[in-house]
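Student: Protein sequence lines, in the order shown, are assigned to chains A and B. Position one of the first sequence corresponds to residue 0 (numbering that gives the first Met the number 0), numbered consecutively onward. Position one of the second sequence corresponds to residue 0 (numbering that gives the first Met the number 0), numbered consecutively onward. Structure incoming, see below.
2 protein chains.
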Amino acid sequence: MNTKDLAYFSDLTQTKNFSKVAQDFGVTQPTITMAIKRLEAEFQTKLVLRDRTHNDLGVTASGEQLAVHARAILAELDLTHQEITHLTQDQTVLGLPPIIENHYFPRVAAHLQAQGMLANLQTLEGGSVWLRQALRDGQADLALLGSTAPLSYKSLVAEAFDRQPFRIFVAADHPLAKRQRIYFSELRHEKFVLFNSSFVHNTAFNQFTRRNHFRPEVVFRANDTHVIMNLVAQNVGVTFLTAIGAQHRDDVVQLELLDDAQPEFIASIVYRDSHVLTPTQQQVLAVLRTTLGE
Amino acid sequence: MNTKDLAYFSDLTQTKNFSKVAQDFGVTQPTITMAIKRLEAEFQTKLVLRDRTHNDLGVTASGEQLAVHARAILAELDLTHQEITHLTQDQTVLGLPPIIENHYFPRVAAHLQAQGMLANLQTLEGGSVWLRQALRDGQADLALLGSTAPLSYKSLVAEAFDRQPFRIFVAADHPLAKRQRIYFSELRHEKFVLFNSSFVHNTAFNQFTRRNHFRPEVVFRANDTHVIMNLVAQNVGVTFLTAIGAQHRDDVVQLELLDDAQPEFIASIVYRDSHVLTPTQQQVLAVLRTTLGE
DNA sequence: ATTCATTATAAATTATTTTTATATCAACCG
DNA sequence: CGGTTGATATAAAAATAATTTATAATGAAT
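Printed below as a string of structure tokens:
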């Protein structure tokens, strides 16, 4: 069976228009008619219902089922291409959320440098949530990710290497700046400057707000620690980060949280379980493990 | 890309012999040569190393990677066929381990009968461990499975509906038969008759033995409760089953276990998350839920 | 040195897919 | 109504792709 037919069909279930699919793939319309016929023969079932009365194309139950699998197959094929490309170019793409990149990566880079392997490494920046998907679909080969619970994801292998508590950061001239420890509930009426939703900080933050039964007022979301810290320093709001997320600065004060059973920031090395690691990638992984492991 | 090429390649990585692959698929040998060439062109990389010196065919890193994905794609395609076949024949295959079949299924069957749906149901018997795989690769659409921890498997959805403690069964004339409750450690020197390893009972049993630091003497393994019970009645050994696993009989006595934090037998309704349920399958699922749910 | 087992190559054949050209069908429109 | 439009189907021709046949090449084993 040709995977092209699956691609045609997958598109058809979405556009519900034979001619449009033909256009999308730069082929003529009868090609699509024939492709669908082939699939219907292969699976011995009607896949689409041509309802010319309402000029609307229906997908049968079998068709829906096929569409689900067709997409899975096409995604797998795509992933295969990406992986093999990285493999042949001996390139390792390491996904890094900015906080981890700032805190842990310098150490790793130094070791890789020493082994002359830095040239084979590309980094891919993004929030942990976004990177998890990037890892799945082959944009990255390895990643260092943050999470609030030990990672255990379908098709991914995760090895936790560090845990960090979350902290609150306020401007040095903020009323709370004198305190060293506070309860999250005391922040009920504060304004917040936070990471955007592709970061795990949000998961943890939401746990805190849910437990304390309040809707926080989030005045701004950014995806850069420095931007956030600058806003905090100017009292635009307070923020919620890990201790390691913030370089030291005089105009911002760090507060410990006193709440029980707090979520933690768990840092893990993550990779796909279906991915056969190259020697280079294994070396990178080994460096990550020895450098980051306790 | 044609999936046939992936099948050829997958076979080749295992047989490591072009001619053998050709035979396996009933085609001529140059067909395989060409297929591999096509894949090598598609992925722009060498996939196999023709090492004629050692008359051994090596698979490159890229080849290994492709093989992993090729198998995944072919399995997905196979699953698709199976699912669509069941779909068009409006047949639902329900996987049932024998213990669950004996205890819970009669109730379910009565309800299905009342709704005239029993004709659309086929059952597939096997241990929970084996059925889990059968469900994954499409031999079954739904299953009632036993487990010792709440089920959460990659690509499967599980809804727990009952919990049962494990018990020990001994012959009526066994020295322990007078006791009503015992500690597992008291069984250190007993002979055991058990289910074979495709049953979850083993997982639980192993937890008990590990905690009590002994290697049990297993004298026989069977996959039928009656066989096991008959052996127990004749003092061939004692067994380890759920309370519901045994019909009442005079020659066998049931003992409660006194150990702390025992594993339980958790019964769950399980199905694939990628599977689009037919109306019939949804009805069956609804009957399962109402009949089995508390 | 010859034979054997294995894979490669090239031309011919066969199968499959795509295009071109045209038909069908229902809805819409004045 | 009849004509036009948008959508899919069909059939024959053309283009592509896969497979076979026949044979060559390669290295190992005897």
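Every residue gets a Cβ at the ideal spot worked out from N, C-alpha and C, and that includes glycine.
Which of helix, strand or coil does DSSP assign to residue 267 (chain B)?
Tutor: Strand, per DSSP.
Student: With a threshold of 16 other CB atoms inside 10 Å of the CB of residue 289 (chain B), please say whether the residue is buried or exposed.
Tutor: Counting Cβ neighbours within 10 Å, residue 289 (chain B) comes out exposed, since fewer than 16 surround it.
Student: CB residue 126 (chain A) to CB residue 198 (chain A), shorter than 7 Å?
Tutor: Yes. Within cutoff.
Student: Straight-line CA distance for residue 116 (chain A) to residue 87 (chain A)?
Tutor: Their Cα atoms are separated by approximately 16 Å.
Student: Between which two residues does the beta strand (DSSP E) containing residue 167 (chain B) stretch?
Tutor: First-last of the beta strand (DSSP E) with residue 167 (chain B): 155 to 170.
Student: Could you spell out where the beta strand (DSSP E) holding residue 55 (chain B) opens and where it closes?
Tutor: Unbroken beta strand (DSSP E) run through residue 55 (chain B): 55 to 58.
Student: Grab me the residues of residue 250 (chain A)'s own chain with a C-beta within less than 7 Å of its C-beta, minus the 5 sequence neighbours each way, in chain order.
Tutor: Taken in chain order, the residues that qualify are 170, 171, 232.
Student: Just how far apart, CA to CA, sit residue 237 (chain A) and residue 76 (chain A)?
Tutor: Straight-line Cα distance between these residues: approximately 45 Å.
Student: For a test of the three-state rule: what should DSSP assign to residue 177 (chain A), helix, strand or coil?
Tutor: Note: residue 177 (chain A) maps to helix in three-state DSSP.
Student: Mind checking if residue 9 (chain A) is an interface residue toward chain B, Cβ cutoff 7 Å exclusive?
Tutor: No - not a single Cβ of chain B is within 7 Å of the one on residue 9 (chain A).
Student: Mind reading off the beta-carbon distance from residue 284 (chain B) to residue 141 (chain B)? Whole number of angstroms is fine, and I expect it under 8 Å.
Tutor: About 6 Å; that satisfies the 8 Å criterion.
Student: Can you find the residues in the same chain that come closer than 8 Å, C-beta to C-beta, to residue 91 (chain A), ignoring five residues on each side of it along the sequence?
Tutor: Taken in chain order, the residues that qualify are 85, 119, 120, 121, 140, 141, 277, 279, 280, 283.
Student: Does the beta carbon of residue 211 (chain A) sit closer than 7 Å to a beta carbon anywhere in chain B?
Tutor: Chain B contact via Cβ: absent.
Student: Between which two residues does the alpha helix (DSSP H) containing residue 104 (chain A) stretch?
Tutor: 104 to 113 is the extent of the alpha helix (DSSP H) around residue 104 (chain A).
Student: So residue 131 (chain A) is in the alpha helix (DSSP H); what residue range does that whole segment cover?
Tutor: Residue 131 (chain A) -> alpha helix (DSSP H) spans 127 to 135.
Student: Excluding sequence positions up to five away, which residues of its chain have a Cβ less than 6 Å from the Cβ of residue 56 (chain B)?
Tutor: Around residue 56 (chain B): 15, 47.
Student: Is residue 190 (chain B) helix, strand or coil when you go by DSSP?
Tutor: Three-state result, residue 190 (chain B): strand.
Student: Between residue 6 (chain A) and chain B, is any beta-carbon pair separated by less than 7 Å?
Tutor: Not closer than 7 Å to any Cβ of chain B, the Cβ of residue 6 (chain A) fails to qualify, so no.
Student: Could you check which residue in A:83, A:148, A:73 has the C-alpha nearest to that of residue 43 (chain B)?
Tutor: Residue 43 (chain B) has its Cα closest to that of A:83, out of A:83, A:148, A:73.
Student: Any idea which residues DSSP pairs residue 145 (chain A) with across the strands?
Tutor: Beta-bridge pairing links residue 145 (chain A) to A:266.
Student: Taking only beta-carbon positions, decide if residue 35 (chain B) is within less than 7 Å of chain A.
Tutor: Answer no: the Cβ-Cβ gap between residue 35 (chain B) and chain A never drops below 7 Å.
Student: Is there a Cβ of chain B sitting closer than 7 Å to that of residue 269 (chain A), yes or no?
Tutor: No, residue 269 (chain A) lies away from the interface with chain B (no Cβ there is under 7 Å from its Cβ).
Student: What number of angstroms, rounded off, separates the C-alpha of residue 9 (chain B) from the C-alpha of residue 101 (chain B)?
Tutor: Cα to Cα, residue 9 (chain B) sits roughly 41 Å from residue 101 (chain B).
Student: Would you mind listing the beta strand (DSSP E) stretches within the stretch 12 to 95 of chain B that are 3+ residues and don't spill past its ends, in chain order?
Tutor: With a minimum length of 3 residues, the continuous beta strand (DSSP E) runs that stay inside the stretch 12 to 95 of chain B are 47 to 50, 55 to 58, 91 to 95.
Student: Can you pull out the residues from the stretch 135 to 158 of chain A whose beta carbon lies closer than 8 Å to at least one beta carbon of chain B?
Tutor: Cβ contacts with chain B come from 153, 154.
Student: Give the range of the beta strand (DSSP E) segment to which residue 253 (chain B) is assigned.
Tutor: Run containing residue 253 (chain B): 251 to 256, per the beta strand (DSSP E) assignment.
Student: Distance, Cα to Cα, residue 41 (chain A) vs residue 68 (chain B)?
Tutor: So the two alpha carbons sit approximately 22 Å from each other.
Student: What first and last residue would you give for the alpha helix (DSSP H) that runs through residue 248 (chain A)?
Tutor: Here residue 248 (chain A) belongs to no alpha helix (DSSP H), and DSSP marks it neither H nor E.
Student: Is residue 64 (chain B) close to chain A, meaning its C-beta is less than 7 Å from at least one C-beta of that chain?
Tutor: Output row for residue 64 (chain B): interface = yes.
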